Amino acid sequence: MNLQTEDVIDVVKVTHGDTYEYVFLFDSSSGHAKKRGDGLDAKSMKKEWHSKPSGMRNVKMERKEGYLGPHLDPSVRAMVVIGQEQTMDFTSDLDKELGPFWLTAQQREEQRHDREVEIPLEQRKRRVKQKSELIPELMLTGWGKLEGQMKLWKMKHPELVRKAAAQDIEINITPATKTVHGWEGKGKGLLQVAYERGWIDKKNYKSYLVMKYDDDGNLIPELSLRHLIASCTDFQTEKSQLEYVCESLGAKALITTKYHAEYAGEGIEYSWGFAKSLYRRHPLAQKKTTADFLKLVDKCISREVLTVDIIRRFSARARSYMETYKVMELEANSTETKDSSSEDSPIPHKRIETLKKILKSHRAAIDFDKGFIMKTVYVKFDMERDLLKREKKVNVSVRVKPEDRKVAAKAKNN
Numbered sequence: 007m008n009l010q011t012e013d014v015i016d017v018v019k020v021t022h023g024d025t026y027e028y029v030f031l032f033d034s035s036s037g038h039a040k041k042r043g044d045g046l047d048a049k050s051m052k053k054e055w056h057s058k059p060s061g062m063r064n065v066k067m068e069r070k071e072g073y074l075g076p077h078l079d080p081s082v083r084a085m086v087v088i089g090q091e092q093t094m095d096f097t098s099d100l101d102k103e104l105g106p107f108w109l110t111a112q113q114r115e116e117q118r119h120d121r122e123v124e125i126p127l128e129q130r131k132r133r134v135k136q137k138s139e140l141i142p143e144l145m146l147t148g149w150g151k152l153e154g155q156m157k158l159w160k161m162k163h164p165e166l167v168r169k170a171a172a173q174d175i176e177i178n179i180t181p182a183t184k185t186v187h188g189w190e191g192k193g194k195g196l197l198q199v200a201y202e203r204g205w206i207d208k209k210n211y212k213s214y215l216v217m218k219y220d221d222d223g224n225l226i227p228e229l230s231l232r233h234l235i236a237s238c239t240d241f242q243t244e245k246s247q248l249e250y251v252c253e254s255l256g257a258k259a260l261i262t263t264k265y266h267a268e269y270a271g272e273g274i275e276y277s278w279g280f281a282k283s284l285y286r287r288h289p290l291a292q293k294k295t296t297a298d299f300l301k302l303v304d305k306c307i308s309r310e311v312l313t314v315d316i317i318r319r320f321s322a323r324a325r326s327y328m329e330t331y332k333v334m335e336l337e338a339n340s341t342e343t344k345d346s347s348s349e350d351s352p353i354p355h356k357r358i359e360t361l362k363k364i365l366k367s368h369r370a371a372i373d374f375d376k377g378f379i380m381k382t383v384y385v386k387f388d389m390e391r392d393l394l395k396r397e398k399k400v401n402v403s404v405r406v407k408p409e410d411r412k413v414a415a416k417a418k419n420n
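Just so we're aligned: the sequence shown equals residues 7 to 420 in our numbering.
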């Protein structure tokens, strides 16, 4: 999607230049909302340092609300400075010198690097080998060399276990040592990042948990590390990869609200809904093989079916919903139109209220607006005439079990 968006922006900028402001409307989905590769994400952070680099970018500290906490002390070297960047890993010279704030100087040196420690006999447990343990052994076999290391890494763990067993490799192990990860070069974690921003009372740092609740199950926000970091302005305003790509190319991406397929992506759900409706009306015999399936899908989403005129009709329908929601918003914010019934709304409020009843599911246009889809399209496109009657009739042979034949014959005789 990101590459396609870049291509589209390149095309419109070459054809139209800077005449217009380019805004792209996307429906809400996990793919469209995917975070940047180096994006800020409090949910992915552990309380203390990680076993590997966090992958998050450095952040420039600003004198804005939501960046710095009440315990910030400019005289403390470990704490951030306005206008400078905060690192998310223990990678800078100052990070390597100071380390995690709760460790003593001796502990800091002892835990600086990864180390192997012996597991007490009573704590040793037999387990299945991990991928990192199986692959080196498989690469010593003829089969492993033939497959290649890259292909082995792509295999799922259960499959690797079966392959190893087939090669007479012992798949179980009882480790006598374990790796304890040091802090240098690793992700800082919630506690260190929050402390550097002044959100931690150092005297009571042990009271902080990733998420802390009272006896009644209520969140204690001032002692919940994930809440503190996620509430910071830079974390809250973090853009998705799609938004970042558009912004970096001089455009803007708008992602519609979750569960509102009726106005998502300029009516894209209506196009999908109509294509799905066509697909469902074809007999199963035309979908059985991969080639037939792909051929039918290509037909249902072709420009012969989804013409420019039809897509514009769907887009107009989506915009009608947008206009109605805007009218509702203006009514809610206006003291002069409290009793207004919004008779001029493109979509009746009764229709909106009906949609609200199914708000908690991701609605597909074919489910909640099928009548409009088919009514709009039938103006120039007749499914029965233009598609189904063109298909050659397919004779489908049905296999009948012997016992079913006996039952049918007995019933006929009776």
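For each residue, glycine too, the CB sits at the ideal point set by N, CA and C.
Please read all numbers here as calculations on a predicted model, not as lab measurements.
Item: From what residue to what residue does the alpha helix (DSSP H) around F96 run?; Value: Element bounds for F96: n/a, residue is neither H nor E.
Item: Taking its Cβ as the centre, do 16 or more other Cβ atoms sit within 10 Å of R266, making it buried, or is it exposed?; Value: The sequence shown places His at residue 266, rather than the Arg named in the question. By the neighbour-count rule (16 or more Cβ atoms within 10 Å), H266 is buried.
Item: What residues are listed by DSSP as bridge partners for A193?; Value: Per the sequence shown, the amino acid found at residue 193 is Gly instead of Ala. Beta-bridge pairing links G193 to D95.
Item: Which of the three DSSP states, helix, strand or coil, is assigned to V186?; Value: strand
Item: For L144 and N178, I'd like the C-alpha separation in whole angstroms.; Value: 14 Å
Item: So for I316, helix, strand or coil by DSSP?; Value: helix
Item: Consult DSSP for R63 and reduce its assignment to one of helix, strand or coil.; Value: coil
Item: Considering only the alpha carbon of each residue, which of D13, Y269, G273, M156 lies closest to T1?; Value: There is no way to answer for residue 1, as the model of the chain reaches only from 7 to 420.
Item: DSSP three-state label for C238, please.; Value: coil
Item: For N339, does the three-state DSSP call read helix, strand or coil?; Value: helix
Item: Under 8 Å by Cβ, that's how I've got M62 and V87 pegged, so tell me the actual separation to the nearest angstrom.; Value: Their Cβ separation, rounded to whole angstroms, is 19 Å, which puts M62 and V87 out of contact at 8 Å.
Item: In angstroms, rounded to a whole number, what distance separates the CA positions of K190 and N8?; Value: Per the sequence shown, the amino acid found at residue 190 is Glu instead of Lys. So the two alpha carbons sit approximately 34 Å from each other.
Item: Measuring alpha carbon to alpha carbon, tell me which of T262, T263, F299, V303 ends up nearest F280.; Value: V303
Item: Which class does K305 belong to by DSSP, given the choice of helix, strand or coil?; Value: helix
Item: Please work out which residues of its chain come closer than 6 Å, Cβ to Cβ, to N64, disregarding the five sequence neighbours upstream and downstream, and give them in chain order.; Value: E91, T93
Item: Given R121, which residues of its chain have a CB within under 8 Å of its CB, disregarding the five upstream and five downstream residues?; Value: T185, V186, G188
Item: Buried or exposed, going by whether 16 or more other CB atoms sit within 10 Å of the CB of M85?; Value: buried
Item: Taking the beta strand (DSSP E) that F32 falls in, what are its first and last residues?; Value: 29-32
Item: Can G75 and W205 be called in contact, C-beta distance under 8 Å?; Value: yes
Item: Give the C-beta separation of I15 and Y28 to the nearest angstrom, bearing in mind that I take them to be a contact with Cβ-Cβ under 8 Å.; Value: 7 Å
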